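In the UniProt record's numbering, the protein residues as written are 10 to 323. Glycine included, each C-beta is placed from N, C-alpha and C at the ideal position. A quick note: this is a predicted structure, and the numbers were derived from the prediction, not measured.
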Ligand code: IPD
């Protein structure tokens, strides 16, 4: 029911902040090794750039236990539960499911680069229905409840925007969507495997090069004002939703990296599409995507003016 969902949303908000506090304990306790990094045991997962820290494991255990206490019948998908190999595949089903990244931006965390956060989503009938992203070092929360809106810090709601023409247009291309002077965010991800149509790293690399090329076309600068790579897919989505970024592209992320951001972006009126880049992503069609894909392109909510952020007091 509506009131159960509102209750669940409040629970998720509170849980995100509590989990963020554990992340900050790790930062506060840092012994300050010569590189000034957070001291937390690290291990490699898929490859050398894909790491897990003791903090990821601790926060996931905490979040999972809290959820199971309150919602024992719900399913749980967590980044570290997945990597521990207790199950091979986690497919999003129609069961009520929590999808959690206890620490998105793990590499940033270990380097004390502040772009790290907790990401908690609740998925109902395959749709991300509640999303909470908490960035503890800045003490900022981004959240959304489907059908009710998206908020930053509980105090600011993002006005529902006119949808971009993407849905109505049978063959939209990125160049048709990107506003002039946009801030473009792109992640290299951690997947170095070969995928259909090439190697994931090379795909991402060529996309970044393309954006850089567009940004400097003719030596005059062009569509792209700047290209950013935050190292947190979750925060990328929050920033697209808030209007700080106009576009975000990534190949290779998982459900837990995007589920909460998916909900927040959609509620803010933005779009998330498949980013399996066609031969020329600037000209060829891009399509809408559902949660569970590996490649994403997020486009900020349309505004009446080009750089309107859409933020307003609640
Ligand atoms: C990663 C970050 C990174 C993105 C990767 C993710 P993690 O998540 O979001 O920005 O490029 O695809 O796996 O490992 O830091 O939780």
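Could you spell out the range, first to last residue, of the beta strand (DSSP E) harbouring residue i?
{"i": "residue 106", "result": "106-113"}
{"i": "residue 191", "result": "191-196"}
{"i": "residue 150", "result": "149-154"}
{"i": "residue 132", "result": "126-133"}
{"i": "residue 86", "result": "84-87"}
Could you check which residue in the options has the C-alpha nearest to that of residue i?
{"i": "residue 145", "options": "67, 130, 124 and 137", "result": "124"}
{"i": "residue 101", "options": "141, 79, 119 and 131", "result": "131"}
{"i": "residue 270", "options": "75, 103, 235 and 127", "result": "127"}
{"i": "residue 233", "options": "193, 248 and 254", "result": "193"}
{"i": "residue 117", "options": "32, 87, 259 and 264", "result": "32"}
{"i": "residue 198", "options": "253, 160 and 262", "result": "262"}
{"i": "residue 278", "options": "81, 265 and 249", "result": "249"}
{"i": "residue 121", "options": "36, 135 and 254", "result": "36"}
{"i": "residue 14", "options": "80, 114, 111 and 148", "result": "80"}
{"i": "residue 85", "options": "61, 64, 60 and 111", "result": "111"}
{"i": "residue 63", "options": "34, 156 and 12", "result": "34"}
{"i": "residue 129", "options": "109, 148, 259 and 119", "result": "109"}
{"i": "residue 140", "options": "260, 257, 24 and 12", "result": "24"}
{"i": "residue 280", "options": "265, 264 and 256", "result": "256"}
{"i": "residue 67", "options": "259, 151 and 89", "result": "89"}
Quick one: what does DSSP say residue i is sitting in, helix, strand or coil?
{"i": "residue 78", "result": "helix"}
{"i": "residue 173", "result": "Per-residue confidence for residue 173 stands at a pLDDT of 36, beneath the threshold of 50, marking its modelled position as unreliable; no derived number is given."}
{"i": "residue 60", "result": "strand"}
{"i": "residue 138", "result": "strand"}
{"i": "residue 103", "result": "coil"}
{"i": "residue 234", "result": "strand"}
{"i": "residue 24", "result": "helix"}
{"i": "residue 281", "result": "strand"}
{"i": "residue 180", "result": "Per-residue confidence for residue 180 stands at a pLDDT of 43, beneath the threshold of 50, marking its modelled position as unreliable; the derived number appears in the next sentence. Reduced to three states, the DSSP call for residue 180 is coil."}
{"i": "residue 146", "result": "coil"}
Quick one: is the Cβ of residue i within less than 6 Å of any heavy atom of the ligand IPD?
{"i": "residue 11", "result": "no"}
{"i": "residue 264", "result": "no"}
{"i": "residue 255", "result": "no"}
{"i": "residue 128", "result": "no"}
{"i": "residue 90", "result": "no"}
{"i": "residue 113", "result": "yes"}
{"i": "residue 250", "result": "no"}
{"i": "residue 241", "result": "yes"}
{"i": "residue 110", "result": "yes"}
Taking the alpha helix (DSSP H) that residue i belongs to, which residues open and close that run?
{"i": "residue 272", "result": "264-276"}
{"i": "residue 251", "result": "242-251"}
Check whether the Cβ of residue i lies closer than 6 Å to any heavy atom of the ligand NAP, and answer yes or no.
{"i": "residue 198", "result": "For the ligand NAP, the structure offers nothing, since it holds only the ligand IPD."}
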